[in-house]
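Quick note, the sequence shown lines up with residues 4 to 400 if you use my numbering.
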Amino acid sequence: MTDKKRQDAILKILHYIQNGGDFKTAKKMFQEEFDQVDVAEITAAERELIKQGLNPADIQYLCNVHADVFKGNIKQNEENPDFAIPGHPVHTIKLENTVLKSLVNDALLPDLAKYEQGKDTLKKIRQELKDLATIDKHYRRKETSLFPILNKYGITAPPEVMWGVDDDIRALIRDAQKAASQDKVNVDELDETIKKACHEVLEMIFKEEEIMIPMIDEVASQEDWYNVKNEEKQIGYTLIREPMNWQPQLPKKSSPVDVKNLNSFFINFKEGALNLEQLNAIFDLLPFALTFIDENDKVAYFGGGAAIYPHSKNAIGNSVFSCHTAKSRPLIEKMFKQMHEGEFDKYEFHFTPHMMGRCLYLRYYAVHNQEGKYLGCLEVAQDVTDIRNWTSEKRTI
């Protein structure tokens with residue numbers, strides 16, 4: 004079968020699922036056409052569905068069905084030997100997944116069964132759900148550092164879909180925690196919410212290890228993985244200790260040009276001048292998190308001295324829209340469209356993210372040159388929790 008015919012056959016199956024077809028028939032259709040499929044073939048078909056107008060949110064719903072149809076028939080490529088080295092980001096991901104599978108299969112689900120048989124395991128269930136909720140760190144590392152690698156190489160559909168599924172799993176775990184926290188627990192609700200959350204967690208482990216990681220391995224450079232490793236600590240780990248150090252063999256760059264080599268180079272401003280070392284040090288000291296998005300809506304720069312939102316070097320050069328979930332993207336697209344068209348030059352938002360518990364003040368400024376040409380957008384993020392709590396003046400040191 005030619006590549007085109009294989010792609011058309013996969014699309015036919017996905018269209019059948021999309022239009023409400025049953026799982027058994029879809030599986031039979033697959034088995035009649037294929038022995039095995041490559042991960043790239045599945046994701047290419049999903050990208051084609053989005054290109055044809057299917058909402059990524061709908062792909063998100065169909066994602067589990069796709070995974071079930073193809074499960075057991077995905078071609079296993081030889082694994083990168085680096086992935087077996089303790090400390091490598093993939094080794095860390097798989098180690099967390101091993102612990103998560105054990106938490107689900109060896110603790111949470113058995114304790115749920117015991118509770119339904121009349122045994123007093125509710126306290127253990129609550130703690131196990133609390134442990135399961137730390138999967139947020141696992142997902143945030145993936146979303147922050149791994150998804151940008153895929154976007155960087157033009158593989159946009161899988162991270163778009165998977166990010167939405169991650170959010171759904173977080174919500175399912177919260178639902179299970181809520182059901183378990185009631186003074187008078189509804190056993191049926193507890194059973195339904197826990198089993199649903201556990202099922203989705205295990206499905207995501209399959210997608211990460213059998214689909215996402217092989218896909219990234221096909222495109223990622225050693226420098227990409229090095230960035231992922233260096234960025235792990237800004238979020239932390241799920242149910243494991245900090246892994247061992249890992250250093251890739253990075254290619255030597257010829258004639259590196261950085262700030263230290265240009266300390267004598269001064270930039271003249273309207274009022275005064277700074278050399279590059281001074282300018283870099285000032286930017287790193289500012290009590291804000293800065294992001295500059297260029298005139299083509301590509302992420303060009305991260306800076307500032309405030310660690311507010313985790314970010315990745317792998318995102319530099321990517322579309323700013325790929326850094327946001329499908330749910331928040333319409334607002335971001337509208338905002339940037341208005342800045343391009345000159346309708347608005349500034350946006351302000353302030354809110355307290357649930358996971359952070361701190362009040363954030365976000366500002367977006369349209370940047371123009373002296374002739375009025377749009378150069379890009381500067382995002383300034385600031386933690387203003389302490390500022391909002393000021394009740395008196397401070398005039399002395």
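Note that beta-carbon positions come from the ideal geometry of N, C-alpha and C, so glycine has one too.
These figures come from a predicted structure and were not determined experimentally.
{"Check": "Residue burial classification, Glu235 (beta-carbon count within 10 angstroms, cutoff 16)", "Outcome": "buried"}
{"Check": "Among Lys316, Gln281, Pro162, the one whose alpha carbon lies nearest that of Lys210", "Outcome": "Pro162"}
{"Check": "Whether Ala284 touches Phe295 by CB criterion (8 angstroms)", "Outcome": "no"}
{"Check": "Complete runs of the beta strand (DSSP E) confined to the stretch 333 to 375 [at least 3 residues]", "Outcome": "349 to 354, 363 to 371"}
{"Check": "DSSP state of Phe150 mapped onto helix, strand, coil", "Outcome": "helix"}
{"Check": "Test item: CB-CB of Arg366 and Asp386 under 8 angstroms", "Outcome": "no"}
{"Check": "Three-way DSSP call (helix, strand, coil) for Gly306 in this model", "Outcome": "strand"}
{"Check": "Close Cβ partners of Gln185 (< 8 angstroms) along its chain, the five nearest in sequence each way excluded", "Outcome": "none"}
{"Check": "Where Tyr240 sits in the DSSP three-state scheme", "Outcome": "coil"}
{"Check": "Buried/exposed call for Lys376, threshold 16 Cβ in 10 Å", "Outcome": "exposed"}
{"Check": "Status (buried if at least 16 other CB within 10 Å, exposed otherwise) for Pro92", "Outcome": "buried"}
{"Check": "Proximity to Pro217 [Cα-Cα], best of Ile335, Gln10, Pro89, Asn83", "Outcome": "Asn83"}
{"Check": "Nonlocal neighbours in the same chain, by C-beta distance under 6 angstroms from Lys199, ignoring five residues either side", "Outcome": "Leu175"}
{"Check": "Identity of the residue in Glu351, Met359, His357 nearest Tyr368 by Cα", "Outcome": "Glu351"}
{"Check": "Spatial distance of Cys380 from Glu131 (CA atoms)", "Outcome": "43 angstroms"}
{"Check": "Reference Gly239, options Gly308, Lys15, Glu99, closest by Cα", "Outcome": "Glu99"}
{"Check": "Exposed unless 16 or more other CB atoms sit within 10 angstroms - verdict on Trp393", "Outcome": "exposed"}
{"Check": "Ile296, DSSP secondary structure in three states", "Outcome": "strand"}
{"Check": "Secondary structure, alpha helix (DSSP H): runs of 4+ residues fully inside the stretch 160 to 246", "Outcome": "160 to 184, 190 to 210, 216 to 220, 225 to 234"}
{"Check": "Simplified DSSP state of Asp134, which is helix, strand or coil", "Outcome": "helix"}
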